[in-house]
């Protein structure tokens with residue numbers, strides 16, 4: 001379980017998160033929606049400790065992320081993350097991209113790591129691209145490569161930071177399909193997204209962020225079809 | 241024009257000149273390796289959040305890049321003597337060239353690191369890789385790609401700079417040439433022959449670097 005209690009986060013003088021409370025149960029899919037600058041991406045970066053917080057507490061399976069004594073490298077192994085700009089490693093082939101972390105972090109042998117990598121690449125549907133460099137892959141394929149790379153660490157949780165926002169429209173579908181597949185396999189996911197269809201159909205709950213706070217949260221269909229918050233109503237009117 | 245070209249002394253001295261050329265290469269390669277390693281550390285130092293490494297690195301880079309190489313060689317050869325530290329010609333020249341190269345490479349590395357997006361670091365850390373693993377497997381391989389050709393140029397520059405070693409008494413290629421010049425007075429012939437040797441070395445290094453670069457950087461583009 002991921003638990004956020006009263007999270008405060010600032011960049012210099014700019015307060016980005018102003019007291020976020022959130023619980024994500026195992027096997028749950030939570031979609032986070034909201035305008036740019038509402039703090040939803042920042043929250044993801046706080047969960048795996050890529051960004052430090054200034055107040056509150058974040059725990060993942062009872063391990064406190066913001067505790068200085070916590071081994072973040074170890075914790076991050078069970079929290080996969082997929083980025084908006086996919087961030088594939090350009091100097092490595094698809095197979096090497098995926099095999100690297102299992103080998104150097106988990107200490108698997110080269111062959112074991114490659115086996116896992118090949119399996120994960122096949123799982124996301126690019127099993128025929130093992131020896132291709134990222135520059136020769138489409139955006140959608142690179143994003144699926146990034147998903148395979150995260151999955152190779154066998155994470156318990158997956159964080160998606162606007163995973164489809166930077167993609168050409170015709171490539172969004174293949175990445176969403178991969179995310180749907182993961183959800184159906186029971187992966188616990190926090191998905192920051194602008195894809196309202198995905199939020200409605202795939203997620204169990206939806207949280208709407210507004211100016212660094214959770215303005216509204218609840219079952220996906222309820223929140224999206226009968227929003228209580230005025231801000232959410234305005235937001236939904238704009239994105240639809 | 242009553243100067244008569246006489247090449248025989250040059251041909252007779254060729255084995256010694258070739259030996260000296262190997263010394264030139266040895267000095268250059270050692271200086272380059274030390275300079276590169278320190279340059280990498282300096283580039284980290286310059287971006288450090290701590291005052292002392294940042295300041296020391298900045299002073300090093302400023303001095304190395306903004307004073308003549310000859311002065312740097314003289315400093316390590318003669319200058320240190322004033323403080324009771326006596327370095328041999330060889331050590332003084334290698335030290336000076338390493339000092340100089342480190343300063344230049346620190347700036348090249350800095351540019352290289354700036355060229356790598358911070359998101360690469362985040363992606364790597366999110367997989368559980370430590371800071372050092374991230375540098376080793378993700379950042380530095382990409383930086384090396386960016387700095388590879390500037391690095392090649394620097395290496396050729398070090399080979400050519402090492403000719404100043406003559407002035408600290410090192411019998412590298414230029415020192416050896418000057419030695420034969422003073423014994424035979426065939427000044428033009430000796431220096432012309434040595435210029436050709438430098439040219440050949442520089443060209444060979446350039447071609448080798450191209451081929452090597454082509455081999456290691458095939459495939460992925462940054």
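Protein chains in written order, with this note's numbering: chain A, 1 to 240; chain B, 241 to 462. No residue lacks a Cβ here, since even glycine has one placed at the ideal position from N, Cα and C. Keep in mind that this is a model prediction, so the values were computed, not measured.
8 Å Cβ cutoff, residue i in contact with chain B
i, result
"residue 119(A)", "no"
"residue 101(A)", "yes"
"residue 227(A)", "no"
"residue 52(A)", "no"
"residue 91(A)", "yes"
"residue 144(A)", "no"
"residue 149(A)", "yes"
"residue 64(A)", "no"
"residue 26(A)", "no"
"residue 6(A)", "no"
"residue 73(A)", "yes"
Residue i - partner residues in DSSP beta bridges
i, result
"residue 206(A)", "31(A), 218(A)"
"residue 341(B)", "DSSP, once it has assigned bridges, lists no residue as partnering residue 341(B)."
"residue 9(A)", "17(A)"
"residue 476(B)", "A question about residue 476(B) goes unanswered here, because the residues of chain B that appear run from 241 up to 462."
"residue 189(A)", "29(A), 158(A)"
"residue 2(A)", "24(A), 60(A)"
"residue 213(A)", "210(A)"
Any C-beta of chain A under 8 Å from that of residue i
i, result
"residue 381(B)", "yes"
"residue 378(B)", "yes"
"residue 462(B)", "Its pLDDT being 45, under 50, residue 462(B) is placed unreliably by the model, and nothing is read from it."
"residue 452(B)", "no"
"residue 312(B)", "no"
"residue 391(B)", "no"
"residue 263(B)", "no"
Element boundaries [beta strand (DSSP E), containing residue i]
i, result
"residue 133(A)", "No beta strand (DSSP E) holds residue 133(A); DSSP gives it neither H nor E."
"residue 161(A)", "157-161"
"residue 82(A)", "79-82"
Interface residues of chain B facing residue i [CB-CB closer than 7 Å]
i, result
"residue 9(A)", "None at all; the shortest Cβ gap to chain B is about 16 Å."
Opening and closing residue of the alpha helix (DSSP H) in which residue i lies
i, result
"residue 447(B)", "427-456"
"residue 59(A)", "Where residue 59(A) is concerned, there is no enclosing alpha helix (DSSP H), although the beta strand (DSSP E) it sits in stretches over 55-60."
"residue 277(A)", "As shown, chain A starts at 1 and ends at 240. That puts residue 277(A) outside it, with no answer to give."
"residue 249(B)", "248-286"
"residue 295(B)", "291-306"
"residue 142(A)", "139-151"
"residue 415(B)", "413-424"
"residue 75(A)", "72-76"
"residue 387(B)", "380-401"
"residue 98(A)", "94-104"
"residue 169(A)", "169-184"
"residue 375(B)", "Premise fails: residue 375(B) is in no alpha helix (DSSP H) and is neither H nor E."
"residue 309(B)", "309-317"
"residue 43(A)", "40-47"
"residue 123(A)", "110-123"
Amino acids of chain B, ordered along the chain, whose beta-carbon sits closer than 9 Å to that of residue i
i, result
"residue 48(A)", "365, 366"
"residue 189(A)", "Residues of chain B passing the Cβ test: none, with the nearest at roughly 15 Å."
"residue 105(A)", "367, 368, 369, 370, 373"
Partner residues on chain B for residue i, Cβ-Cβ distance less than 8 Å
i, result
"residue 76(A)", "365, 366, 367, 368"
"residue 153(A)", "367, 368"
Within chain A, partners of residue i - CB distance below 7 Å
i, result
"residue 359(B)", "83, 85, 87"
"residue 385(B)", "91"
Within chain E, the residues that residue i reaches when beta carbons sit closer than 7 Å
i, result
"residue 286(B)", "Considering every chain present, this structure includes no chain E. Its protein chains are A and B."
Neighbour list for residue i in chain A, Cβ cutoff strictly below 9 Å
i, result
"residue 266(B)", "What residue 266(B) touches in chain A: nothing, since even the nearest Cβ is about 31 Å away."
"residue 362(B)", "45, 50, 81, 83, 87"
With contact counted as at least three CB pairs below 8 Å, one residue from each stretch, are the stretch 50-57 of chain A and the stretch 83-98 of chain A in contact? no
Spell out a yes or no on whether the stretch 351-367 of chain B and the stretch 317-334 of chain B are touching, meaning 3 or more CB-CB pairs, one atom from each, closer than 8 Å. no
Any contact of the stretch 339-348 of chain B with the stretch 281-295 of chain B, i.e. 3+ C-beta pairs under 8 Å? yes
Touching or not, the stretch 134-147 of chain A and the stretch 168-184 of chain A, by the rule of three or more beta carbon pairs under 8 Å? yes
Stretch-stretch touch, CB-based, cutoff 8 Å, three pairs: the stretch 111-129 of chain A with the stretch 389-397 of chain B: no
How do the stretch 356-370 of chain B and the stretch 294-306 of chain B stand: do at least 3 beta-carbon pairs fall below 8 Å, yes or no? no
Three or more C-beta pairs closer than 8 Å, one from the stretch 208-218 of chain A and one from the stretch 183-190 of chain A: is that the case here? no
For the structure I just gave you, are there three or more beta carbon pairs, one from the stretch 64-83 of chain A and one from the stretch 145-157 of chain A, closer than 8 Å? yes
Pairs of beta-carbons, one from the stretch 434-441 of chain B and one from the stretch 401-418 of chain B, closer than 8 Å: are there three or more? yes
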